[in-house]
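Going by the working numbering, the sequence shown opens with residue 30, and the numbers climb by one from there.
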Amino acid sequence: MSVKQECKEPRLGLPNLGFGVGLRTQHLPDILSEGARVDWFEIISENFMEHSGYTSNVVDRLSEDIPIVMHGVSLSIGSESPLNRDYLDKLKKLARRVNAVWISDHLCWTGLGSHNSHDLLPLPLNEESLKHVTQRVQEVQEILERPLIIENPSSYVQFRSSTMTEWEFITELVEATQCGLLLDVNNVYVSAHNHRFDAEHYIRSIPHNHVVQIHLAGPAYCGEYMIDTHDAPVPARVWELYSLAQELTGGVSTLLEWDAQIPDYPELLAELDKARRLMSSGVVPEAPVPEPIISDEQHTVLSTPIDFQLTHISNEAHSIADSGNK
Ligand SMILES: [Fe+2]
């Protein structure tokens, strides 16, 4: 039995683009010589805002033949700092240039004032932060003149000042702003492991008629923590969550992310084909169950250096929470 591929309800007027991958520089020679062999590409917005160089020209050329979606990491929608109008203007110009089908970013904050953490930091989830993020999403949508597509982040710490779950926060945010959702099922898997919640319950609880896109990726399992490294094949449990999400949404655009230890393009396409086969057959592919990385030698080769920050972040979060509780 196949998983339904047609949206039950229109999603903000945005189409199901099919199956795509994140466009990475090392794959360009293969793509230019052999063709894209995917339905669409997602580009990292910040890499193409300044229109210069070979890669930028290639993206412009590709955008004439294949749908492009923009995915950002610097919007910092949860920050207390004012929205960066210069950044938003550049985002809008890039969207026009590559005819972006939609623009997404994360439910997070990345810095404060002039300090950039270069990481996607979690928010306290409560009425105050919800009101703050809601106002900023509305403002961004007015500036961009289109719905913003918000992605659920992976996280490693939680705030004691949180009064709602992430799925409750997202539901309220969507209802208030009518923004879209980018459901990263790997991020749900990672955060569910780290915070000990039920990933299936999360996916069943979000507003499915606002999910525009799904992200797939492979994390690293470090024992106590699951780390969102995007450096491995999609694990078995993430495929199960993907299947559930596609069933509940009625079928939306699928994007495979792979950002470190990036395989050759044919290997990347083979991983994406697993999603195609799942959607046509309903059968969840055989995939690895992550083994914990425990030796010091392995630990040092993690592609996302969040592991050495965990103690620091955790201590900082606890000390903030402790001082707030006094
Ligand atoms: Fe993602």
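Just so you know, even glycine gets a beta-carbon here, dropped at the ideal spot from N, CA and C.
Hey, is residue i close to ligand 1, as in C-beta under 7 angstroms from one of its heavy atoms?
i: HIS222; result: no
Tell me the rounded alpha-carbon separation between residue i and residue j.
i: HIS239; j: SER133; result: 13 angstroms
i: PRO316; j: GLU174; result: First, the amino acid is wrong: residue 316 is Ala here, not Pro. Whole-angstrom Cα-Cα distance: 41 angstroms.
i: THR139; j: MET255; result: 20 angstroms
i: LEU211; j: SER62; result: 31 angstroms
i: LEU46; j: SER143; result: 37 angstroms
i: SER272; j: SER309; result: 11 angstroms
i: ASN155; j: ILE199; result: 11 angstroms
i: VAL98; j: GLU180; result: 13 angstroms
i: VAL263; j: ASP115; result: 36 angstroms
i: ASP257; j: ILE291; result: 15 angstroms
i: GLU204; j: VAL166; result: 12 angstroms
i: GLU253; j: ASN223; result: 7 angstroms
i: PRO182; j: TRP196; result: 11 angstroms
i: ASP148; j: SER110; result: 16 angstroms
i: HIS341; j: SER105; result: Since pLDDT at HIS341 reaches only 45, below the 50 mark, its modelled position is unreliable, and the value read off the structure follows with that caveat. Whole-angstrom Cα-Cα distance: 21 angstroms.
i: LEU141; j: SER108; result: 7 angstroms
i: ARG66; j: LYS160; result: 42 angstroms
i: LEU298; j: VAL50; result: 8 angstroms
i: LEU270; j: THR194; result: 19 angstroms
i: ALA221; j: ALA249; result: 14 angstroms
i: LYS119; j: GLU79; result: 8 angstroms
i: LEU123; j: ARG266; result: 36 angstroms
i: GLU93; j: GLU171; result: 27 angstroms
Per DSSP, which residues does residue i bridge with? Please list them.
i: PHE70; result: VAL50 and ILE97
i: VAL240; result: LEU210
i: ARG40; result: LEU43
i: ILE178; result: SER133 and GLY209
i: TYR250; result: MET255
i: TRP138; result: LEU150
i: SER110; result: None, per the DSSP bridge assignment.
i: LEU202; result: The partner list for LEU202 (beta bridge, DSSP) is empty, contrary to what the question assumes.
i: THR283; result: PHE48 and ILE243
i: HIS144; result: LEU141
Can you tell me whether residue i is buried or exposed, with buried defined as 16 or more other CB within 10 angstroms of its CB?
i: ALA304; result: buried
i: GLU157; result: exposed
i: ARG189; result: exposed
i: GLU300; result: buried
i: GLU320; result: exposed
i: SER81; result: exposed
i: ASN215; result: buried
i: PRO58; result: exposed
i: GLN164; result: exposed
i: LEU307; result: buried
i: GLN55; result: exposed
i: ALA246; result: buried
i: GLY209; result: buried
Residues near ligand 1, CB to any non-hydrogen atom under 5 angstroms, in chain order?
Residues flagged by the Cβ proximity filter: ASP213 and HIS244.
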